[in-house]
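Residue 92 in numbering that gives the first Met the number 0 is what sits at position 93 of the sequence shown, and the numbering runs on without skipping anything. Notes follow the structure.
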Amino acid sequence: MTSAARFHFFSRRASVAPGVEWRLLAGNNRELGRAALPSVDLEACRRAVGRLLRELPGGTATVIPTEGRWTWRLVSAAGEPLACAPHSYARRTEATSALSGFRAAAPAAVLLEPDAPVRATVDLRMAGRPAVRTET
């Protein structure tokens, strides 16, 4: 049996974008979505997850073409960014399916407390927004 989806918190490298972000991980550790913007600290990041969960039903989701690929973004009813795709997709249907998976998993996801400081590293192989892998 696969474990439940969960929110994971991680620190960003200050040279990339200082702060703390969340990401939603599936039971198999596949990233389903992430914070649209970094938070200033862990407490603000926890509040951002709470806001995401409150605003998810009324939020507006958009699948967006970017440089020949597709991504998605979720914004609040007031137009403020809540979440975005963890990476781009080759096909629009893949991005749409990934967005649906995020919207289905987020309400039931477990909110885990970080058990140790997390060091972030930047994967420079990814174009556009830097991907972040964590090391403990």
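Heads up, the beta-carbon is just placed ideally off N, CA and C, and yes, glycines get one too.
Next on the checklist: Between TRP21 and VAL48, how many whole angstroms is the CB-CB distance? I'm expecting something under 8 Å.
Outcome noted: For the purposes of this step, residue 21 is identified with residue 22 of the sequence shown, where counting begins at 1. For the purposes of this step, residue 48 is identified with residue 49 of the sequence shown, where counting begins at 1. TRP21 to VAL48, Cβ: 5 Å. Contact.
Next on the checklist: Here's the rule: buried if 16 or more other CB atoms are within 10 angstroms of the residue's CB, otherwise exposed. What is SER10?
Outcome noted: As a first step, residue 10 is located in the sequence shown; it is residue number 11 there, counting from the start. Buried, since its Cβ has 16 or more Cβ neighbours within 10 Å.
Checklist entry - In chain order, what residues of the same chain have a beta carbon less than 6 Å from the beta carbon of HIS7, not counting five sequence neighbours either side? => result Your numbering for residue 7 matches position 8 in the sequence shown. So the list reads ARG22, LEU24, once near-sequence residues are dropped.
Checklist entry - Looking only at C-alpha atoms, which of ALA4, GLU42, SER38 sits nearest to PRO17? => result Residue 17 sits at position 18 when you count from the first residue of the sequence shown. Of ALA4, GLU42, SER38, the residue nearest in Cα terms is SER38.
Checklist entry - What is the DSSP secondary structure of SER38, reduced to helix, strand or coil? => result What you label residue 38 is simply residue 39 of the sequence shown in a count that begins at 1. In this structure, SER38 counts as strand in the three-state DSSP scheme.
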